[in-house]
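Numbering (the UniProt record's numbering), first residue to last: 1 to 467.
Each remark here refers to the structure printed beneath this line.
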């Protein structure tokens, strides 16, 4: 038995950042994690998926090489090789977190944790041995979330024909045909990857459009880009009960007044995640959950059990790694009694890493309309941007929505190459309450993709120059 200042359940982006920040503030920290450090993001999500998307990007660029005077003969695509590289990148990142733990003298308690009374945690190791540890200042629950299937329509995950993103990350080869169910960020990213590696991809979405949480203009633009690349996109889809064969899966699909049965070699379910709240002792510790199954917290992340906190995916949406990391930083400050800045939930960027990339922050145009705000829209296409032309990546645009009277940036939406990097100019601007006029005053280097931001801002003021 050991005593810590802080005990953290979960070594993902929320948990390990809370641990690092706690150690930085001079606290003795222990982290309970049964798998490698880094959590879903590093091991089974963000990092390996983006490594595969980078491979997909290279495949697409090689296909366009002749336009640039670079002709590659006998190009072969090998998903297995790309997968193995993605696993290596994932392992490297996990080892990086482990190094940071050693550097900051954080104790990694390898095993499964269950909450006990009085800020205690029972840890069971792989060998079955148990130890109980206590925290003097606080226990932080950061157990994350997991993928879930659709058993109600016969699509229960079986790791052979019906896969989650976890299994997709370890396939040895790309299937001839694949259905991707759910056209949110994860679904669109995997549709992109498998298309680039030669699969015939069908993207099925029950909502009227893909990327339904994004601004509609971005959804429409991505839909066009996907169809141009040969990805079959079916929105407003009603799915019947699937039938599993020995080597394929048949799904009844109804859309646009048409009913048909579609057969696929593999089905990837990319629709939704569930918080990991089972078997961690919540009830015994007096920790309550919400109607939606997330852990109930107050404005300082404390649960209904005094001295027990929850952050990241288990504490509620948005279920994003960077949101969890910020919460981890702040909760450590709170527990340590350190001055802190509250998490600004209205200024968390969304990022989808398909090609073209999609990124956004703040409100969509539809949300601005719903609030009855008076606004102006500025928009600039990458087809009119010099840097985009040089790289041959002219799809997409920058769209900024500003308050009509004061120039406040209500929302910003980018679809195009490197959108997920560019969105942070708007994130910094909004966090510091800059107006569109102040972005205009900042000189943007030429030629850069970021000039499209400056031009979109000018357009919102009726002063666009280059389109």
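A virtual CB, placed ideally from N, CA and C, is assigned to each residue, including glycine.
Quick one: give me the first and last residue of the alpha helix (DSSP H) that residue i is part of.
| i | result |
| --- | --- |
| residue 3 | No alpha helix (DSSP H) holds residue 3; the beta strand (DSSP E) holding it covers 3 to 9. |
| residue 287 | That residue, residue 287, is in no alpha helix (DSSP H); it is neither H nor E in DSSP. |
| residue 59 | 46 to 63 |
| residue 325 | 321 to 335 |
| residue 424 | 419 to 431 |
| residue 369 | 365 to 370 |
| residue 437 | 436 to 441 |
| residue 303 | Premise fails: residue 303 is in no alpha helix (DSSP H) and is neither H nor E. |
So who's on the other strand from residue i, going by DSSP bridges?
| i | result |
| --- | --- |
| residue 262 | 251 |
| residue 87 | According to DSSP, residue 87 bridges with nothing at all. |
| residue 202 | 179 and 232 |
| residue 378 | 400 |
| residue 273 | 147 |
Could you tell me whether any Cβ in chain B is nearer than 9 Å to the Cβ of residue i?
| i | result |
| --- | --- |
| residue 303 | Going by chain labels, chain B is absent from the structure shown, which holds only one protein chain. |
Measure the beta-carbon distance from residue i to residue j and round it to whole angstroms, keeping in mind my assumption that it falls under 8 Å.
| i | j | result |
| --- | --- | --- |
| residue 20 | residue 137 | With 8 Å as the limit, residue 20 and residue 137 do not qualify as a contact, their Cβ atoms being about 16 Å apart. |
| residue 106 | residue 29 | 5 Å |
| residue 424 | residue 449 | With a Cβ gap of about 13 Å, residue 424 and residue 449 do not count as contacting. |
| residue 198 | residue 77 | 6 Å |
| residue 394 | residue 382 | 5 Å |
What's the gap between the Cα of residue i and the Cα of residue j?
| i | j | result |
| --- | --- | --- |
| residue 68 | residue 453 | 27 Å |
| residue 218 | residue 22 | 39 Å |
| residue 243 | residue 252 | 9 Å |
| residue 7 | residue 32 | 8 Å |
| residue 441 | residue 364 | 25 Å |
| residue 124 | residue 44 | 23 Å |
| residue 274 | residue 184 | 15 Å |
| residue 158 | residue 357 | 31 Å |
| residue 368 | residue 411 | 9 Å |
| residue 11 | residue 325 | 11 Å |
| residue 268 | residue 162 | 6 Å |
| residue 109 | residue 319 | 25 Å |
| residue 347 | residue 443 | 24 Å |
Tell me the residue span of the beta strand (DSSP E) that contains residue i.
| i | result |
| --- | --- |
| residue 146 | 145 to 147 |
| residue 399 | 397 to 403 |
| residue 341 | Premise fails: residue 341 is in no beta strand (DSSP E) and is neither H nor E. |
| residue 357 | 357 to 362 |
| residue 187 | Where residue 187 is concerned, there is no enclosing beta strand (DSSP E), although the alpha helix (DSSP H) it sits in stretches over 185 to 196. |
| residue 414 | 409 to 416 |
| residue 141 | 130 to 141 |
| residue 458 | First-last for residue 458: 451 to 460, but that is the alpha helix (DSSP H), not the beta strand (DSSP E). |
Compute the minimum distance between the beta carbon of residue i and the heavy atoms of the ligand MG, and state whether it is under 8 Å.
| i | result |
| --- | --- |
| residue 107 | Among the components of this structure there are no ligands whatsoever, and the ligand MG is therefore not found. |
Exercise for the section: May I ask you to verify whether the segment 312 to 326 touches the segment 148 to 163, counting CB pairs closer than 8 Å and requiring at least 3? Expected result: Cβ pair count under 8 Å is below three, so no.
Problem - Inter-stretch contact at 8 Å, needing at least 3 Cβ pairs: the segment 189 to 202 / the segment 373 to 381 - result: The segment 189 to 202 vs the segment 373 to 381: no contact.
Exercise for the section: Give a yes or no on contact between the segment 36 to 44 and the segment 335 to 351, applying the rule of three or more CB pairs nearer than 8 Å. Expected result: No: the two stretches stay apart, fewer than three of their Cβ pairs being nearer than 8 Å.
Exercise for the section: Mind the definition here: the segment 317 to 336 touches the segment 155 to 167 only if three or more C-beta pairs lie below 8 Å; say whether that holds. Expected result: Under the three-pair Cβ rule at 8 Å, the segment 317 to 336 does not count as touching the segment 155 to 167.
Exercise for the section: Check whether the segment 167 to 187 touches the segment 255 to 274, counting contact only when three or more Cβ pairs, one atom from each stretch, lie closer than 8 Å. Expected result: The segment 167 to 187 is in contact with the segment 255 to 274.
Problem - Segment contact flag, the segment 114 to 121 with the segment 277 to 284, C-beta cutoff 8 Å, min 3 pairs - result: With three or more CB-CB distances shorter than 8 Å, the segment 114 to 121 counts as touching the segment 277 to 284.
Problem - Stretch-stretch touch, CB-based, cutoff 8 Å, three pairs: the segment 209 to 228 with the segment 119 to 134 - result: Not touching, per the Cβ criterion.
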